[in-house]
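Sequential numbering of the sequence shown, starting at 271, is according to our numbering.
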Amino acid sequence: MCPLTRPATLQLLRLFSTKTLPTLTLFTKFVLQQVDISLPENKVWFDRYRWDIPVFHLNGHFVMKHRVDIVLLDKLLQDGISNNCEKP
């Protein structure tokens, strides 16, 4: 089993939306960062994603938009966790 206790090994899942969504986070393998694109400081993201929300980035890379593909998201998170583990 791969310990993911160090902050550097946590994956960053970023959710872009126009408001703060109620979220129950039961995961410890990644950090969920919600970005409210309607705030002035997030104008760049508003200009890019205003018609596409919700939008997800994983570790800085675009993953999906318009809707959540749970199967794909789970696979990407699992693959990322496996890639962060040291192989013997």
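For glycine and all other residues, C-beta sits at the position ideal for the given N, C-alpha and C.
Going by DSSP, what residues sit across from residue i in a beta bridge?
i	result
R284	Q303 and H327
K335	V325
Could you check where the alpha helix (DSSP H) with residue i kicks off and where it finishes?
i	result
W315	K313 to Y319
Between residue i and residue j, is the Cβ-Cβ spacing less than 8 Å?
i	j	result
F286	I323	yes
R284	F316	no
Q281	N312	no
L346	F300	no
Counting Cβ pairs closer than 8 Å, one from the stretch 302-310 and one from the stretch 343-351, do we hit at least three? no
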